[in-house]
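In full-length UniProt numbering, the protein residues as written are 1 to 787.
Using N, Cα and C, we set each Cβ at its ideal position, and we do this for glycine too.
Comments concern the structure below.
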Amino acid sequence: MLELVLQSKSPDLEKQKILDYIRNLITNEFLFTNLRKVAISHKDLDDLTNILKDINNQRKLTEDLLQIKNSIEQYAKLELGEGISQYTEICKKMSYIFNDKKQHYLKVDLVNCCDSVLPKNLKKKMEDFVNFISKINLAKGYRNRELESFTEKFVEKYGEYVEVPIKELLDGNLGLGLPKQTLGTHVKSSSSVEEQNFLSYLSKEVFKAVKNCKKEIDISNIPLGLLYPNSDRFVANQLELYCEIKNFESQPVISVVPNTGSDMIGKSIGRFASYFPNSYISLDSQLDNVELIEFPRDSKNLNVMSAQNAHSKKLLLSYDDNDNTSIELDSVVVGVIKTEYRYKLYFRDLRTGSIVNFVTTSMLNHKSNGVFSDLARFLLAVSLEWQDNPFSVFRIIENFDYLPYIPKIKYGNIILSEEKWVLSDIDKNDLSSIKQWKKDFDVPRLLYFHKADERLLVDLENDLDTQWLLKQNVDKLYFTRFEKYDGKNCEFIFGFENYQSSINHYSMQEKSVRRLTNNFYKNYVKTFSSDWIYFRLYGINSSILLELRERLLLFTDELLVEKLISDFHFVNYSDKDNGSLRLRFKINNDDNFEDLRFRIAHWIDFLLESGFCNDVSFNLYEREIERYGGDNFITVCERMFSIDSFLTLKLFSKKLLNDKDLFSVLHSTFLYIRLLGIPLKRLLELLKGNLTQNRYRKSFKKLFPNNTIVVKEFKEYFDYKNQFEIFNEVFREFPPIDGYFEGKNDIVYSLLHMHMNRVGMFPYREKEYLYFIMYIAEPLNNYKEFT
1 MLELVLQSKS PDLEKQKILD YIRNLITNEF LFTNLRKVAI SHKDLDDLTN ILKDINNQRK
61 LTEDLLQIKN SIEQYAKLEL GEGISQYTEI CKKMSYIFND KKQHYLKVDL VNCCDSVLPK
121 NLKKKMEDFV NFISKINLAK GYRNRELESF TEKFVEKYGE YVEVPIKELL DGNLGLGLPK
181 QTLGTHVKSS SSVEEQNFLS YLSKEVFKAV KNCKKEIDIS NIPLGLLYPN SDRFVANQLE
241 LYCEIKNFES QPVISVVPNT GSDMIGKSIG RFASYFPNSY ISLDSQLDNV ELIEFPRDSK
301 NLNVMSAQNA HSKKLLLSYD DNDNTSIELD SVVVGVIKTE YRYKLYFRDL RTGSIVNFVT
361 TSMLNHKSNG VFSDLARFLL AVSLEWQDNP FSVFRIIENF DYLPYIPKIK YGNIILSEEK
421 WVLSDIDKND LSSIKQWKKD FDVPRLLYFH KADERLLVDL ENDLDTQWLL KQNVDKLYFT
481 RFEKYDGKNC EFIFGFENYQ SSINHYSMQE KSVRRLTNNF YKNYVKTFSS DWIYFRLYGI
541 NSSILLELRE RLLLFTDELL VEKLISDFHF VNYSDKDNGS LRLRFKINND DNFEDLRFRI
601 AHWIDFLLES GFCNDVSFNL YEREIERYGG DNFITVCERM FSIDSFLTLK LFSKKLLNDK
661 DLFSVLHSTF LYIRLLGIPL KRLLELLKGN LTQNRYRKSF KKLFPNNTIV VKEFKEYFDY
721 KNQFEIFNEV FREFPPIDGY FEGKNDIVYS LLHMHMNRVG MFPYREKEYL YFIMYIAEPL
781 NNYKEFT
């Protein structure tokens, strides 16, 4: 109805654009519909059938979907790799419902999780370890100054025995308003006395180890004064410990870093909950752990924030799902209670009478005001005041960097922190200072260099590696030893439960152990000096992108002339006002590798000094082997990436391509299609298999009123007598590798997607252009010369 009203008011508007506009209004909640799906749900099929069952003419569809749901549940019970016939039958039923056999109807999780029976001595060892770290007293005296000030104002205004509706409390006119915006953010906070005492103990142990030339510290004999007394306190009644067990089948080496695990607090709560059936989760009945979810300011974070969690209740901020698992802010009151040390705020749900503890399962930083709203951070900050984190010791040890060398820190044979070297800004003045540092602290040749969440293997005997390290604009450089392990390496998730909520009562449940067998540990390790050099340029303003492309083409031409590279490709990324460019260069000859790295380092210096970008980072190139046809075929695809990258840069340089000119983008895409050698008929089948709606047809007709214009404009790309000179330029540098694309529709579609990316078309424009390609291919396919 709304569509007809808009069309009557604006008859020139294309129907598809009206529908897109209405869809956007619904998506952004300007218009509401009773068909709205549940936003935070992991049971989409149930939600769909609940909507359809109330629509009379959809009864048959509802019954069919319920049958499919039952089939999916039966399929899920089968072992990984079995059930192909069941899978095929489900897809057949779905294709019958939608009358389309080309869709991918099922998403199948191929993570191989299996129960693992552990030796009794290993089980006890892990239980002893978790109970030990849960007793280390680090944060008992910590105070959040902003929250403490807000709590004092609450007591002054309301007294000790009043519970105030949260909306009234946070109203600036009726109550106290929200606390300062610095609440929970990364403001410098004073550590607790207990934390200082632990750091003092750790420092003494490190000095003692270094003095005695020891490479390890065992903290299992920590002084009793640093442990919690046997008094009541809140402890997490469930937690998950994620660790790596190397050489599992011989002499196991257990490491709980860098991905320690999760407990009932902070940003990592329930990080691995999806690996455990919900029936194994049993939370304290007197305390409601409520998952806090809101629509973040950056929509990219929504998928992360809605991660599956094991909590039975949730609070949705800025959204209402109308289900019985959500609690409402209207029913939440705030009170205060005096503890042994100070006043603390608490939340209560009036509907149940339970104390509410807000948690967040996602790995998003709950302290960031760029992710969570002020209200969300207030709810989390108050909840965190009541909880002790049994894993906080990992973070304290991880951040211990007061000395240039820190030995490996262990509990028995369980590693809490790898051997670490710290190079301060003062010590990295030049190559000679680094050589002295290596000598003083017995630094090995191969080290992992850690920067943010990235890890890069460097060779300190390679001058270019050390020169690159000297240019890192950070106060301290962090390194850990590179060790290659032989034998079977596995990742494990151990589930612990503590129903007594008291110290020293964690037990590992056999049913909650999961062994993740994957390809994380390769038989080889790629270093900074591997087949590919991969780096990212950040902070690229759109106004200089054209010139940067020209600079990249010139630089690539030079490397090709000097035979330093055999392949290269680039990918664009868009981050609001500024973008980034990811570049990969493949080494042509190992003997010339130092020359290549030297050239790249100097080119990067030029880009930084000239303002083309504001930051650069190196990383390892992880090849997307599964996505691009396996070990044998990915080399073919990588050569196509090189051809496409070089072709695109050439077209921009010759002024034959402009990302703001529709016609030039279409011509570049058909040129690439011709280069791939895809026949028209197959191209059309490929596009129709992925673009199933009749969108943008009216816009297309405005540009191309009849098929004659289309054929005249684009027929040259499918006239195989016609040769394109630019192909000679591209193939001279990057000869195609014989490959067989027939039947590899997903790969071909990915190649077209990557071409759109290199041209500068991001998803919101790419879809429209691909529809145009399909509409152009239709009359060309019927053109008599090509049939």
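Looking at GLN196, TRP603, THR339, the one whose alpha-carbon comes closest to that of LEU554 is TRP603.
For THR151 against VAL336, the beta-carbon gap comes to about 6 angstroms, under 8 angstroms, which counts as contact.
In this structure, DSSP gives CYS243 an extended state, which the three-state scheme calls strand. The C-alpha of ASN572 is placed about 12 angstroms away from the C-alpha of HIS753.
Positions of the beta strand (DSSP E) runs, each at least 3 residues long and wholly inside the segment 546-598, are given as 565-575, 578-587 in order along the chain. The C-alpha of TYR749 is placed about 7 angstroms away from the C-alpha of LEU686.
By the C-beta criterion, the segment 211-225 is judged to be in contact with the segment 397-410, since at least 3 inter-stretch pairs fall below 8 angstroms.
Excluding its 5 nearest sequence neighbours in each direction, PHE598 has C-beta neighbours in its own chain below 7 angstroms: LEU464, listed in chain order.
The continuous alpha helix (DSSP H) containing TYR672 extends over residues 662-676. Of the candidates GLU419, GLY579, VAL253, the residue whose Cα lies closest to the Cα of VAL206 is GLU419. DSSP lists no beta-bridge partner residue for ASN694.
Per DSSP, the unbroken beta strand (DSSP E) holding SER417 starts and ends at 414-417. According to the DSSP assignment, VAL730 belongs to the alpha helix (DSSP H) that extends over 725-733. Beta-bridge pairing by DSSP links ASN541 to ASN578.
Between the segment 701-709 and the segment 754-761 there are fewer than three C-beta pairs closer than 8 angstroms, too few to call the two in contact.
Taking a C-beta distance under 9 angstroms as the contact criterion, ARG697 and LYS767 do not qualify as a contact pair. DSSP places TYR783 in the coil class of the three-state scheme, outside both helix and strand. Secondary structure of TYR201 (DSSP, three-state): helix.
As DSSP reads the structure, TRP421 sits in a beta bridge with TYR405, PHE479.
Per DSSP, the continuous alpha helix (DSSP H) segment holding TYR21 begins and ends at 15-27. Separation of LEU456 and LEU691 (C-alpha to C-alpha, rounded to the nearest whole angstrom) is 40 angstroms.
Per the C-alpha coordinates, the member of GLY539, ILE166, ASP590 positioned closest to SER331 is ILE166. Taking every protein chain shown into account, the CB of VAL162 has fewer than 16 other CB atoms within 10 angstroms, so this residue is exposed. In this structure GLU146 is buried. Its beta-carbon is surrounded by 16 or more other beta-carbon atoms within 10 angstroms. Looking at PHE612, LEU559, PHE633, the one whose alpha-carbon comes closest to that of ARG536 is PHE612. For a cut-off of 8 angstroms, the C-beta gap from PHE734 to SER642 is around 5 angstroms, short enough to register as a contact.
If you draw a straight line from the Cα of GLU244 to the Cα of ASN131, it comes to about 19 angstroms.
Among the bridge pairs identified by DSSP, PRO165 is matched with VAL333. If you compare the alpha carbons of VAL256, ILE673, VAL759 with that of PHE724, the shortest gap goes to ILE673. Each residue's CA atom was taken as its position, placing PHE633 and ILE747 some 10 angstroms apart. Apart from sequence neighbours up to five positions away, the residues of its chain that approach GLU148 with a beta-carbon distance below 8 angstroms are ARG342, ordered along the chain. Sequence-distant partners of ASN614 (beyond 5 residues in either direction) whose C-beta falls short of 7 angstroms from its own C-beta, in its chain, are TYR538, GLY539.
Per DSSP, the continuous beta strand (DSSP E) segment holding LEU317 begins and ends at 313-317. Distance from the CA of GLY175 to the CA of VAL334, rounded to the nearest whole angstrom, comes to 12 angstroms. ASP475 is a Cβ neighbour of SER424, given a cutoff of 9 angstroms.
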